[in-house]
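Chains as they are written, first to last, in this note's numbering: chain A, 952 to 1349; chain B, 645 to 800.
Just so it is clear, CB atoms sit at the ideal spot from N, CA and C, and this is done for glycine as well.
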């Protein structure tokens, strides 16, 4: 009988994208227990919100997460708008939903790449992250930023969307949809993927409910929970889309749910672009918010996000509480890892899609022979790389 | 009758003292105030009889002389029940609800670290979210917490 021993993973570890510390009790290669220590990223944002004005807080909460930044700012402004009794113009709600779905696409594609990388399928990582650039470009086009879009304001949105942009967005969405159909094929038919992910990180429906799992993690265990459906916000009550669930209960199921959700997002974006009403994009919001409280919920790419805001009549909130989807899912991770092998830890942890930030905009190129450097933007860098490969006989345009 | 009103009536029917303590703030949002003595009973009733099976989170609030605790439950239908109770600031002790909702674990640890509330019956485990070398007796989400005090203590 193998002896029991403990393997520490983290807080800093190559397989983890964010600091978290796992202490894994093993018997041979089998995991018999997991302790998780979190909090390495705790930045005191809830406290900081109490000391800043509502307008400052919109930008602060947007920086809670680098991937689902729009989720946080929308969730926060919704709560404040509810307390202040602000009626947000419909066009603004549609723009919020549009950015939200674009954000979901970029987040799910990013996740697919990370998951592929964790199982050693790096070709898929390169594919998905290349395609993700398409949606990042759309986001940058619409909001001016690749991440931390800064589109939300209390009372509406800050930027209108020109009609002239619609054909270009639709064109890119079509490309993405075609690529996603290919990824669905890869996820469901490629034997490497199917065999590696099936039966790994199981959590049954009852357990997932009891452990409070949310988002794709819960939906892959057959729980039909999606805030967009049961507690609709922004423009979601006017959009038609399917709630994707799966009953594999494992990492394979979580993969299927996410790739299929991409297709629903494309569907919604087409509806939004078609049905977006004309009109103002924002109403004026008071600087001081009357006393009151509200709970706002939002279906972030990773699951249900919750903001609780309490106002005291001043221009600063009394209390802001944030419950992120990863925190809700971490209990389920402990459960999923039990009885698994040590080698399954990276993919099981990655399968709930824990959050990490990405904010690249400018690249510094250094020519080591010439010893000088130049700063160029993405567009030029991409053009440069396409030409570099074409000179060597590889043409991506073909 | 709306589903929210129905839940309100059922709660008031079972617990007559809650009659004026339940407010339906808007569609799908019910707020309820209950004393600490009856709080667990109400929570059990919400779970078993009203099918509020999902604990979204536990929110702590510093109301100057008391601490408020909000247990936010969901039914799966989108209706959220916010059960609020309060405890004395001088003696901040509350029972853990982990026997009822196992996922309360991490939310209750937040109360311990950020508000200095003692949670009786919380299973052993790592603290969350503050670092291990955080000075004892400093609770950042209390209103009288000053970041300057923290700096002073660390310099000694």
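Rounded C-alpha distance that separates residue i from residue j
{"i": "residue 1126(A)", "j": "residue 1002(A)", "result": "45 Å"}
{"i": "residue 1133(A)", "j": "residue 1078(A)", "result": "11 Å"}
{"i": "residue 1149(A)", "j": "residue 738(B)", "result": "42 Å"}
{"i": "residue 1185(A)", "j": "residue 999(A)", "result": "27 Å"}
{"i": "residue 1346(A)", "j": "residue 1074(A)", "result": "18 Å"}
{"i": "residue 705(B)", "j": "residue 1090(A)", "result": "37 Å"}
{"i": "residue 1219(A)", "j": "residue 1179(A)", "result": "12 Å"}
{"i": "residue 701(B)", "j": "residue 729(B)", "result": "14 Å"}
{"i": "residue 1342(A)", "j": "residue 1331(A)", "result": "16 Å"}
{"i": "residue 655(B)", "j": "residue 1139(A)", "result": "47 Å"}
{"i": "residue 1172(A)", "j": "residue 1289(A)", "result": "17 Å"}
{"i": "residue 1068(A)", "j": "residue 722(B)", "result": "36 Å"}
{"i": "residue 1194(A)", "j": "residue 1168(A)", "result": "13 Å"}
{"i": "residue 793(B)", "j": "residue 787(B)", "result": "13 Å"}
{"i": "residue 1129(A)", "j": "residue 1083(A)", "result": "13 Å"}
{"i": "residue 685(B)", "j": "residue 755(B)", "result": "21 Å"}
{"i": "residue 1282(A)", "j": "residue 1339(A)", "result": "48 Å"}
{"i": "residue 1007(A)", "j": "residue 978(A)", "result": "51 Å"}
{"i": "residue 783(B)", "j": "residue 1024(A)", "result": "26 Å"}
{"i": "residue 963(A)", "j": "residue 777(B)", "result": "18 Å"}
{"i": "residue 1117(A)", "j": "residue 653(B)", "result": "50 Å"}
{"i": "residue 993(A)", "j": "residue 775(B)", "result": "9 Å"}
{"i": "residue 965(A)", "j": "residue 1285(A)", "result": "20 Å"}
Residue j beta carbon less than 8 Å from that of residue i
{"i": "residue 1120(A)", "j": "residue 1224(A)", "result": "yes"}
{"i": "residue 785(B)", "j": "residue 758(B)", "result": "yes"}
{"i": "residue 1105(A)", "j": "residue 1028(A)", "result": "yes"}
{"i": "residue 1137(A)", "j": "residue 1291(A)", "result": "no"}
{"i": "residue 976(A)", "j": "residue 955(A)", "result": "yes"}
{"i": "residue 1355(A)", "j": "residue 773(B)", "result": "Residue 1355(A) lies beyond the range of chain A shown here (952 to 1349); nothing can be said about it."}
{"i": "residue 614(B)", "j": "residue 673(B)", "result": "A question about residue 614(B) goes unanswered here, because the residues of chain B that appear run from 645 up to 800."}
{"i": "residue 1040(A)", "j": "residue 1268(A)", "result": "no"}
{"i": "residue 1014(A)", "j": "residue 1099(A)", "result": "yes"}
{"i": "residue 766(B)", "j": "residue 752(B)", "result": "yes"}
{"i": "residue 1086(A)", "j": "residue 1293(A)", "result": "no"}
{"i": "residue 1056(A)", "j": "residue 1191(A)", "result": "no"}
{"i": "residue 1026(A)", "j": "residue 1249(A)", "result": "yes"}
{"i": "residue 1062(A)", "j": "residue 1295(A)", "result": "no"}
Helix, strand or coil at residue i [DSSP, three-state]
{"i": "residue 1019(A)", "result": "coil"}
{"i": "residue 1196(A)", "result": "coil"}
{"i": "residue 725(B)", "result": "strand"}
{"i": "residue 660(B)", "result": "helix"}
{"i": "residue 959(A)", "result": "strand"}
{"i": "residue 1007(A)", "result": "helix"}
{"i": "residue 1257(A)", "result": "strand"}
{"i": "residue 1103(A)", "result": "strand"}
{"i": "residue 1211(A)", "result": "helix"}
{"i": "residue 1117(A)", "result": "helix"}
{"i": "residue 799(B)", "result": "With a pLDDT of only 49 at residue 799(B), under 50, the local geometry of the prediction cannot be trusted, and the value read off the model is given with reservation. Three-state result, residue 799(B): helix."}
{"i": "residue 1297(A)", "result": "helix"}
{"i": "residue 1335(A)", "result": "helix"}
{"i": "residue 688(B)", "result": "helix"}
{"i": "residue 678(B)", "result": "coil"}
{"i": "residue 772(B)", "result": "coil"}
{"i": "residue 737(B)", "result": "strand"}
{"i": "residue 777(B)", "result": "coil"}
{"i": "residue 715(B)", "result": "strand"}
{"i": "residue 1052(A)", "result": "helix"}
{"i": "residue 1244(A)", "result": "strand"}
Residue i CB to nearest heavy atom of the ligand NAP below 7 Å
{"i": "residue 1300(A)", "result": "Of ligands this structure carries none, so the ligand NAP is not represented either."}
Using 8 Å as the Cβ pair cut-off and three pairs as the minimum, do the region 968-975 of chain A and the region 1238-1256 of chain A touch?
no
Quick test of the definition: if touching needs 3 or more C-beta pairs under 8 Å, does the region 1019-1031 of chain A touch the region 1248-1266 of chain A?
yes
Just checking, does the region 1205-1213 of chain A make contact with the region 688-704 of chain B on the three C-beta pairs under 8 Å criterion?
no
Using a Cβ cut-off of 9 Å, which residues of the region 1192-1223 of chain A contact any Cβ in chain B, in chain order?
none
At a Cβ cut of 9 Å, what residues of the region 1257-1270 of chain A count as close to chain B, listed as they run along the chain?
1257, 1259, 1261, 1269 and 1270
Cβ-based contacts, 7 Å cut-off: residues of the region 689-703 of chain B near chain A
697, 698, 699, 700, 701 and 703
Touch test, the region 1045-1053 of chain A against the region 1105-1116 of chain A, Cβ-Cβ under 8 Å, three pairs minimum:
yes
Members of the region 971-999 of chain A near chain B, C-beta cut-off 9 Å
972, 974, 986, 987, 988, 989, 990, 991, 992, 993, 995, 997 and 998
Can you give me, in chain order, the residues of the region 1270-1290 of chain A that have a beta carbon less than 8 Å from any beta carbon in chain B?
1270, 1272, 1274, 1278, 1279, 1281 and 1282
Identify each residue in the region 1165-1180 of chain A for which the Cβ-Cβ distance to at least one residue of chain B is less than 7 Å, and report them in chain order.
1176
So if I threshold CB-CB distances at 8 Å, which residues from the region 712-743 of chain B count as touching chain A?
714, 716, 720, 721, 722, 724 and 726
Could you run through the region 761-785 of chain B and flag, in chain order, every residue whose CB is less than 8 Å away from some CB of chain A?
769, 770, 771, 772, 773, 774, 775, 784 and 785
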